[in-house]
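Structure, as structure tokens:
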Amino acid sequence: MTISPRKLNTYLLFKLPSAYLCGVRTKSISDTTCEVTVKHRWINQNPFNSMFWAVQGMAAELTTGALVMSKIQASGKRISMLVAHNNATFTKKATGRIYFSCDQGQAVDEAIGKAIATGEGQTVILNSKGFNSEGVQVSDFNFEWTLKLKT
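The sequence shown lines up with residues -10 to 140 when you count with the working numbering.
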């Protein structure tokens, strides 16, 4: 079974309902890139009339996590995945529709390949940037994923 935007959005509804209710939606996923959007609404706002940082984090994490999940599935191996560390920078108020993208599919391929070849856990740092509809960057997230073969 291949991972598609529709399947990821259904997954959100049942496994991560808070992300789904806040409006996080996968728009596209390919071998190298995953794109997710979320619109500033009443349910996901902070007291300063912009999008709450955690909602941005859910969308950003989904771009990286979906790539990792799809690559693990393609490998045919049982591999665990976990965020070990993350950080973010916020540069502008997030209002309107925010677009997040991660284009580091090749880095995930390399980490999974190394985990399979060595049998040792690997880490990969994936970046997701958020842009508003005018193309102005509003946030920048880094997620350190750990990948390890299951025994």
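We put the CB at the ideal spot given by N, CA and C, even for glycine.
- Task: Give me the Cα-Cα distance between I101 and E109, rounded to the nearest whole angstrom.
- Result: Against the sequence shown, residue 101 aligns to sequence position 112. Against the sequence shown, residue 109 aligns to sequence position 120. Between I101 and E109, the C-alpha separation is close to 10 Å.
- Whole-angstrom distance between R(-5) and M58, CA atom to CA atom: In the sequence shown, counting from the first residue as 1, residue 58 sits at position 69. In the sequence shown, counting from the first residue as 1, residue -5 sits at position 6. Each residue's alpha carbon lies about 15 Å from the other.
- With a Cβ-Cβ cutoff of 8 Å, do A63 and T15 count as a contact? Position 74 of the sequence shown, counted from the start, is the residue given in the question as residue 63. Position 26 of the sequence shown, counted from the start, is the residue given in the question as residue 15. Against a cut-off of 8 Å, the Cβ pair of T15 and A63 comes out as no contact.
- Query: Rounded to the nearest angstrom, how far is the Cβ of G94 from that of T21, given a contact under 8 Å?
  - Reply: Position 105 of the sequence shown, counting from 1, holds the residue named residue 94. Position 32 of the sequence shown, counting from 1, holds the residue named residue 21. With 8 Å as the limit, G94 and T21 qualify as a contact, their Cβ atoms being about 4 Å apart.
- Task: Rounded to whole angstroms, what's the CA-CA distance from Q126 to G119? Just pull it up for me.
- Result: Position 137 of the sequence shown, counting from 1, holds the residue named residue 126. Position 130 of the sequence shown, counting from 1, holds the residue named residue 119. Taking the straight line joining both Cα atoms gives about 6 Å.
- Are the beta-carbon atoms belonging to L5 and I18 less than 8 Å from one another? Position 16 of the sequence shown holds residue 5. Position 29 of the sequence shown holds residue 18. No, the Cβ-Cβ distance between L5 and I18 is not below 8 Å.
- Item | Residues of its chain near K28, where Cβ-Cβ distance is below 6 Å and the 5 sequence neighbours each way are ignored | The sequence position of residue 28 within the sequence shown is 39, counting from 1. Cβ neighbours of K28 beyond the five flanking positions: G12 and R86.
- Message: Quick check: K104 and I68, are their CB atoms within less than 8 Å of each other?
- Response: The residue given as residue 104 occupies position 115 in the sequence shown. The residue given as residue 68 occupies position 79 in the sequence shown. The sequence shown places Ala at residue 104, not Lys. Going by C-beta atoms, A104 is nearer than 8 Å to I68.
- Item | Boundaries (first-last residue) of the alpha helix (DSSP H) holding D98 | Within the sequence shown, numbered from 1, the residue matching residue 98 stands at position 109. Per DSSP, D98 belongs to the alpha helix (DSSP H) from G94 to T107.
- Item | Distance between E99 and I61 (C-alpha atoms, nearest Å) | Along the sequence shown, one-based indexing puts residue 61 at 72. Along the sequence shown, one-based indexing puts residue 99 at 110. Each residue's alpha carbon lies about 12 Å from the other.
- Query: In angstroms, rounded to a whole number, what distance separates the CA positions of A73 and L115?
  - Reply: For this step, residue 73 is matched to residue 84 along the sequence shown. For this step, residue 115 is matched to residue 126 along the sequence shown. Going from the Cα of A73 to the Cα of L115 covers about 12 Å.
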